[in-house]
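A.B. asks: Quick one: structure below, then a few questions.
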Amino acid sequence: MTYTVALTGGIGSGKTTIANGFASLGVPLVDADVIARLVVEPDSPGLKALQQHFGDTILLPDGKLNRAQLRHIIFQNQQEKAWVNQLLHPLIQQETQKQIQQIRAPYFIWVVPLLVENKLTHLADRILVVDVTEEEQITRTMQRDGVSRDHVLKILQAQAKREQRLAVADDIIENHDNSLNQDEQIKQLHQHYLELAQKSNTGQ
Ligand code: ATP
314 MTYTVALTGG IGSGKTTIAN GFASLGVPLV DADVIARLVV EPDSPGLKAL QQHFGDTILL
374 PDGKLNRAQL RHIIFQNQQE KAWVNQLLHP LIQQETQKQI QQIRAPYFIW VVPLLVENKL
434 THLADRILVV DVTEEEQITR TMQRDGVSRD HVLKILQAQA KREQRLAVAD DIIENHDNSL
494 NQDEQIKQLH QHYLELAQKS NTGQ
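Mapping to the numbering used here: the sequence shown position 82 is 395, numbers consecutive.
If you want it as structure tokens, here you go:
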């Protein structure tokens, strides 16, 4: 089994930026957000099951999933939320395993924003947390998405706290606005992960 390094962090912390740094060193990425979208693409079994359960109102005119509508439904109704999770969780797991099986590398980075919230820590061999202050998360997300401070604060409230993520971290990347050494941190971690993966694969 390929050694799994989970990369997590709060909204706007820089997960994508850091993951791309590993990718530029040749490390394969498996992205939980991409997979979550893949399993409800038009014509997928996932989207068909959602349509059967909720009716056509769950679709946009172009046949894609109406995410806002789904969010609205599950926000209001715990039972529906549980139903949707029971449907999508195995599909996401299946697709994740499929992607992992295709990997030919000593280790890969599993980009998983909601690692702590969805209690997935046991699925990783190693956990890397991208750490920034809440204020940095807020300003970056406001700038990137053109949204209000209140909007970001609501998302922050729904996510795990910085301390909860740091509590499960094996490694931490400091991705503050003024830190210039992210590339160096990535290179050092890459060497470390290659060694850990080799030990793990040879059973040492
Ligand atoms: P999300 O969870 O919302 O998808 P993310 O954790 O993947 O976000 P990125 O999209 O990588 O975060 O970064 C958020 C924003 O912050 C981007 O606009 C990115 O260019 C910027 N950013 C990333 N790292 C830094 C840094 N060290 N200094 C300043 N800005 C940064």
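Cβ coordinates follow ideal geometry from the N, Cα and C atoms, glycine included.
Exposed or buried, which one is A345 when buried takes at least 16 other CB atoms within 10 Å?
C.D. replies: For this step, residue 345 is matched to residue 32 along the sequence shown. Per the 10 Å Cβ criterion, buried.
A.B. asks: Give a yes or no on whether the C-beta atoms belonging to A332 and L320 are separated by under 9 Å.
C.D. replies: Looking up residue 332 in the sequence shown gives position 19. Looking up residue 320 in the sequence shown gives position 7. Contact: yes.
A.B. asks: Note the first and the last residue of the continuous alpha helix (DSSP H) segment covering T321.
C.D. replies: Along the sequence shown, read from residue 1 onward, the residue named residue 321 stands at position 8. Segment 316-321 is the beta strand (DSSP E) holding T321; no alpha helix (DSSP H) there.
A.B. asks: Verify whether the separation of the beta carbon atoms of V318 and F421 is less than 9 Å.
C.D. replies: Numbered from 1 along the sequence shown, position 5 holds the residue referred to as residue 318. Numbered from 1 along the sequence shown, position 108 holds the residue referred to as residue 421. Result yes, Cβ atoms of V318 and F421 sit closer than 9 Å.
A.B. asks: Is V347 near the ligand ATP, in the sense that its beta carbon is under 8 Å from a heavy atom of that ligand?
C.D. replies: Residue numbering aside, residue 347 sits at position 34 when the sequence shown is read from its first letter. Because no heavy atom of the ligand ATP lies under 8 Å away, the Cβ of V347 does not count as near it: no.
A.B. asks: Grab me the residues of G325's own chain with a C-beta within less than 6 Å of its C-beta, minus the 5 sequence neighbours each way, in chain order.
C.D. replies: Indexing the sequence shown from 1 puts residue 325 at position 12. Once the five neighbours on either side are set aside, the close Cβ partners of G325 are Q450, R453, T454.
A.B. asks: Thinking just about the alpha-carbon of each residue, which of P374, Q412, D438 is nearest to the one in L342?
C.D. replies: Sequence index remark: in the sequence shown, residue 342 carries index 29 (1-based). The residue with the shortest Cα to Cα distance from L342 is Q412.
A.B. asks: Counting Cβ pairs, one atom from each stretch, are 3 or more of them under 8 Å apart for the segment 375-385 and the segment 347-365?
C.D. replies: A contact exists between the segment 375-385 and the segment 347-365.
A.B. asks: When we look at the beta-carbon of D458 and count the other beta-carbons within 10 Å, is it buried (16 or more) or exposed?
C.D. replies: On the sequence shown, residue 458 is found 145 positions in, with the first residue counted as 1. Per the 10 Å Cβ criterion, exposed.
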